[in-house]
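Comments concern the structure below.
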Amino acid sequence: MSTNEANYIPPSQVRSHARKSKEPKKGSLLKEMAIVVTGAFILSWLLKTFLIQAFYIPSQSMEDTLQINDRIMVSKLSPSPVDLQRGDIVVFTDPGTWLPDSVKEVDLNPVQKALTFVGILPQDAGSHLIKRVIGLPGDRVVCCDTDGKLTVNGEPIDETEYLKPFVDPSLVEFDQIVPEGSLWVLGDNRANSGDSRYNLGGPGGGFVPIDNVVGKAFIKVWPLRDFQLLRTPSSVFEDVPQP
Numbered sequence: 001m002s003t004n005e006a007n008y009i010p011p012s013q014v015r016s017h018a019r020k021s022k023e024p025k026k027g028s029l030l031k032e033m034a035i036v037v038t039g040a041f042i043l044s045w046l047l048k049t050f051l052i053q054a055f056y057i058p059s060q061s062m063e064d065t066l067q068i069n070d071r072i073m074v075s076k077l078s079p080s081p082v083d084l085q086r087g088d089i090v091v092f093t094d095p096g097t098w099l100p101d102s103v104k105e106v107d108l109n110p111v112q113k114a115l116t117f118v119g120i121l122p123q124d125a126g127s128h129l130i131k132r133v134i135g136l137p138g139d140r141v142v143c144c145d146t147d148g149k150l151t152v153n154g155e156p157i158d159e160t161e162y163l164k165p166f167v168d169p170s171l172v173e174f175d176q177i178v179p180e181g182s183l184w185v186l187g188d189n190r191a192n193s194g195d196s197r198y199n200l201g202g203p204g205g206g207f208v209p210i211d212n213v214v215g216k217a218f219i220k221v222w223p224l225r226d227f228q229l230l231r232t233p234s235s236v237f238e239d240v241p242q243p
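Residue 65 in UniProt numbering sits at position 65 of the sequence shown, and the numbers go up by one each step.
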């Protein structure tokens, strides 16, 4: 038998060997999937921690701008006094006794807790609230003038752009100067919003420390039919003088 004949390998065996060499090992495939899933979770956690976070709306306090069960995205890039503006919608942690304990204690199973922690699921109400910024540090906020409008630094503001229709700007009178490092916030549904007005006697005197602000709501993503950007109504406050 010649050397060539001794080294001869049938084509069928060559093809079979090639197929086997190309087939990925199950262990290798599972390892790759684990790396991809872990990377996705880490990326989601980083986004939630430093850039954006999803929240859902649990109450009527921001109607008609936001409805119960709406999903929003919150930017964490602008919680500083320099970046915040009057009219911004902000999410913040409870300054003290704004929320009852029954609301803060949200029952989640371990999987839901894990997915919420990494940012896959939207943050529930828990100890967070969402309101609109009316007064910045140093502002004097007053309710109300002879026309029934709020005033900021003596300037009446027309809030019809975002207030729930047929709801007065406020039936609760107040005259407050916002301390440094704090905000005065109100819900758009003034008849059904536990905001700065109703917490004047509590810790912090109804003001929200800027350090408690998680971020600014900038887009509503659910339901899809109501998808929209949440723009700051700067024209409402454009005539307000500096304090």
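Glycine is no exception: its CB is placed at the ideal position from the N, C-alpha and C atoms. Predicted model, so just to flag it, every value in this text is computed and none were measured.
In this structure, Lys131 keeps its C-beta atom at 8 Å or more from the C-beta atom of Val214. Here DSSP, grouped into helix, strand and coil, assigns Gly187 to coil.
In the same chain as Ala191, and ignoring 5 residues on each side of it, the C-beta atoms closer than 8 Å to its own belong to Lys164, Val167, Asp168 and Leu171, in chain order. The beta carbon of Thr232 is closer than 6 Å to those of Gln85, Gly87 and Asp88 in its chain, skipping five residues each way along the sequence. In the DSSP annotation of this structure, the continuous segment of the beta strand (DSSP E) that includes Leu129 starts and ends at His128 to Gly135. Residues of the same chain with a CB within less than 6 Å of the CB of Gly202, apart from the 5 flanking positions on each side, are Gly96 and Thr97 in chain order. Counted as a single uninterrupted DSSP element, the beta strand (DSSP E) harbouring Asp175 occupies residues Phe174 to Ile177. Around the beta carbon of Asn69, fewer than 16 other beta carbons lie within 10 angstroms, which makes this residue exposed. Looking at the backbone, the Cα of Lys216 and that of Leu29 are separated by about 41 Å. Within the same chain, Asp168 and Pro169 come within 8 Å of Gly148 by CB-CB distance, once the 5 residues on both sides are set aside. Taken through DSSP and simplified to helix, strand or coil, Gly215 comes out as strand.
In this structure, the beta-carbon distance from Asn153 to Pro58 does not fall below 8 Å. Phe55 and Val74 have their C-alpha atoms roughly 7 Å apart. For Arg225, the secondary structure class from DSSP, reduced to helix, strand or coil, is helix. Val236 has no beta-bridge partner at all, per DSSP.
Looking from the CA of Glu180, the closest CA among Gly138, Leu129, Asp94 and Leu230 belongs to Gly138. A distance below 6 Å between beta-carbons, with the five flanking residues on each side excluded, links Asp145 to the following residues of its chain, in chain order: Thr151 and Pro156. By a beta-carbon distance limit of 8 Å, Val221 contacts Phe227. Their separation comes to about 6 Å.
A direct Cα-Cα distance of roughly 19 Å separates Asp239 from Asp83. In the three-state DSSP reduction, Pro209 falls in the strand class (E or B). Cβ atoms of Gly135 and Val178 come within 8 Å of each other, at about 4 Å.
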